[in-house]
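Numbering (our numbering), first residue to last: 104 to 381.
Listed below in structure tokens is the structure:
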């Protein structure tokens, strides 16, 4: 019987040090990109699918409360409908634990025997571009873990984990390995894994065996170990992708987004005029 992806795990921890000093007051997930905070764009990607449950994973602190308060107390109809339609849970992790595999390990007891979507909360694509739909479609077809892959330029290969791939077709590949920020000389391809995985309970033994490095325990290390004995697929995404992890990313996203969002056409023309002037 085929397993269906019904749950999304969204990591909302992180200190946001690259966005300081603003992140000493508000969490990085609430930094605005035009008229909405980053976390709202991430949620819009998720709720455009048939996901029926979201698990937020974060620290038990004021910043996590601010994120949840914004989402639950907002007067926006779209957010109210989200919380009426989707079950939302919060799982807390200790603030002394490091590594992007921590949020995944923390939800093990809540996941049971089902596949789940994993997203970080500082980058996104627009919901209309159906990135999550395509990721879920690949999982539904192959019933194996899937990574969202973004085609980038060689110069950007020192910014992301880069996939060593075996092509199946123009939309799907087999991921043989992920290399963390290898740079143009060592990059095995131009396909990056910036944000978005579908995993299942088979990943947990690999996470449990990880030894922490200076950045804690990494989901990439777990996936690489998994790849040696199993199959992992990649879903290729070629449309605009937005980052908000540091000051430059936020600035670029605030410039690019009006040029793409149809509801911001009136702003887009002024942005273009301003850029031409400088």
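Even glycine gets a Cβ: it sits at the ideal position worked out from N, Cα and C.
All values reported here derive from a predicted model rather than from experimental measurement.
With contact counted as at least three CB pairs below 8 Å, one residue from each stretch, are the region 303-313 and the region 275-285 in contact?
-> Contact between the region 303-313 and the region 275-285 is absent, because fewer than three Cβ pairs lie under 8 Å.
Exercise for review: Count the other C-beta atoms from every protein chain shown that fall within 10 angstroms of the C-beta of residue 122, then say buried if there are 16 or more, exposed otherwise.
Suggested key: Within the chain shown, the letter at position 19 stands for residue 122. Counting Cβ neighbours within 10 Å, residue 122 comes out buried, since at least 16 surround it.
Which same chain residues, not among the five before or five after residue 292, have their C-beta less than 8 Å away from its C-beta?
Against the chain shown, residue 292 aligns to sequence position 189. Correct list, in chain order: 265, 266, 267 and 268.
TODO: Can you tell me the Cβ-Cβ gap for residue 461 and residue 250, rounded? I've got them flagged as a contact below 8 Å.
DONE: This structure cannot speak to residue 461, because the chain is shown only from 104 to 381.
What is the residue span of the beta strand (DSSP E) that residue 194 lies within? Along the chain shown, one-based indexing puts residue 194 at 91. Per DSSP, the continuous beta strand (DSSP E) segment holding residue 194 begins and ends at 190-196.
message = Can you tell me which residues form a DSSP beta bridge with residue 162?
response = Stepping through the chain shown from its first residue, residue 162 is reached at position 59. In the DSSP output, where bridge partners are listed per residue, residue 162 has 196.
DSSP has residue 281 in a bridge; who is on the other side?
Here residue 281 corresponds to residue number 178 of the chain shown, with the count starting at 1. Answer is 266.
field: Length of the line joining the Cα atoms of residue 109 and residue 156
entry: As a position in the chain shown, residue 109 is number 6, starting the count at 1. As a position in the chain shown, residue 156 is number 53, starting the count at 1. Spanning the two alpha carbons is a distance of roughly 6 Å.
Worksheet item: Closest to residue 221 by CA distance: which of 200, 232, 208 and 280 is it?
Response: Here residue 221 corresponds to residue number 118 of the chain shown, with the count starting at 1. Nearest to residue 221 by alpha-carbon distance, out of 200, 232, 208 and 280, is 208.
Pull the bridge partners of residue 136 from the DSSP assignment, please. Within the chain shown, numbered from 1, the residue matching residue 136 stands at position 33. DSSP, once it has assigned bridges, lists 139 as partnering residue 136.
Task: C-alpha distance - residue 232 paired with residue 342, whole-angstrom precision - done: By 1-based counting over the chain shown, the position of residue 232 is 129. By 1-based counting over the chain shown, the position of residue 342 is 239. Between residue 232 and residue 342, the C-alpha separation is close to 7 Å.
Note to self: Please state whether the Cβ-Cβ distance between residue 347 and residue 115 is less than 8 Å.
What the structure shows: Here residue 347 refers to the residue found at position 244 when the chain shown is read from its first residue. Here residue 115 refers to the residue found at position 12 when the chain shown is read from its first residue. It is not a contact, given that the beta carbons lie outside the stated cut-off.
Let me know the beta strand (DSSP E) ranges lying completely inside the region 289-365, each 3 residues or longer, listed in chain order. With a minimum length of 3 residues, the continuous beta strand (DSSP E) runs that stay inside the region 289-365 are 300-302, 336-340 and 344-346.
Which residues in the same chain have their Cβ closer than 7 Å to the Cβ of residue 323, if we skip the five residues on either side of it in sequence? Here residue 323 corresponds to residue number 220 of the chain shown, with the count starting at 1. Apart from the 5 residues on each side of it in sequence, residue 323 sits with its Cβ closer than 7 Å to the Cβ of 264, 281 and 283 in its chain, given in chain order.
Step through the CB atoms of chain D and report whether any lies within less than 8 Å of the CB of residue 239.
The structure shown has no chain D; it contains just one protein chain.
Exercise. Considering only C-alpha positions, which residue in the set 243, 203 and 127 is nearest to residue 316?
Worked result: Against the chain shown, residue 316 aligns to sequence position 213. Per the Cα distances, 203.
Whole-angstrom distance between residue 338 and residue 194, CA atom to CA atom: Counting from one through the chain shown, the residue named residue 194 turns up at place 91. Counting from one through the chain shown, the residue named residue 338 turns up at place 235. Distance from the CA atom of residue 194 to the CA atom of residue 338, rounded to whole angstroms, is 28 Å.
Whose CA, out of 340, 254, 353 and 148, lies closest to the CA of residue 181? As a working note, residue 181 is residue 78 in the chain shown. Of the candidates 340, 254, 353 and 148, the residue whose Cα lies closest to the Cα of residue 181 is 148.
Specify, as a first and last residue, the run of the alpha helix (DSSP H) that residue 371 falls within. Your numbering for residue 371 matches position 268 in the chain shown. Looking at the DSSP string, the run of the alpha helix (DSSP H) that includes residue 371 is 368-380.
Locate the beta strand (DSSP E) running through residue 254, then write down its first and last residues. Within the chain shown, the letter at position 151 stands for residue 254. From DSSP, the beta strand (DSSP E) with residue 254 extends over 249-254.
Contact defined as beta carbons within less than 8 Å: I believe residue 218 pairs with residue 302. What is the distance between those atoms, to the nearest angstrom?
What you label residue 218 is simply residue 115 of the chain shown in a count that begins at 1. What you label residue 302 is simply residue 199 of the chain shown in a count that begins at 1. Taking 8 Å as the upper bound for CB-CB distance, residue 218 and residue 302 are in contact here, some 7 Å apart.
**Q.** Collapsed DSSP secondary structure at residue 222 in the structure displayed
**A.** Taking the chain shown and counting its residues from 1, the one referred to as residue 222 is at position 119. Three-state DSSP puts residue 222 in a strand.
**Message:** Report the CB separation of residue 185 from residue 146 in whole angstroms; it is logged as a contact under 8 Å.
**Reply:** Walking along the chain shown from the start, residue 185 turns up at place 82. Walking along the chain shown from the start, residue 146 turns up at place 43. The beta carbons of residue 185 and residue 146 sit about 7 Å from each other, so the pair counts as a contact at 8 Å.
Let's see if you can read the secondary structure: which residues bound the beta strand (DSSP E) around residue 113?
Within the chain shown, numbered from 1, the residue matching residue 113 stands at position 10. In the DSSP assignment, residue 113 falls within the beta strand (DSSP E) that extends over 110-114.
Excluding the five sequence neighbours on either side, which residues of its own chain have a C-beta within less than 7 Å of the C-beta of residue 262, listed in chain order? Within the chain shown, the letter at position 159 stands for residue 262. Setting aside the 5 residues that flank it on each side, residue 262 is surrounded in the same chain by 284, each with a C-beta closer than 7 Å to its C-beta; the list follows chain order.
Do you know offhand how far residue 107's Cα is from residue 289's? Locating residue 107 in the chain shown gives position 4, where the first residue counts as 1. Locating residue 289 in the chain shown gives position 186, where the first residue counts as 1. Looking at the two C-alpha atoms, the distance is approximately 37 Å.
Please say whether residue 154 and residue 189 have beta carbons closer to each other than 8 Å? The residue you call residue 189 lines up with position 86 of the chain shown. The residue you call residue 154 lines up with position 51 of the chain shown. One thing to note: residue 189 has its Cβ within 8 Å of the Cβ of residue 154.
**Asked** From residue 236 to residue 373, what does the alpha carbon distance come to, in whole angstroms?
**Response** The residue given as residue 236 occupies position 133 in the chain shown. The residue given as residue 373 occupies position 270 in the chain shown. Residue 236 and residue 373: Cα-Cα distance of roughly 33 Å.
First through last residue of the alpha helix (DSSP H) which encompasses residue 238: By one-based count along the chain shown, residue 238 stands at place 135. Unbroken alpha helix (DSSP H) run through residue 238: 234-245.
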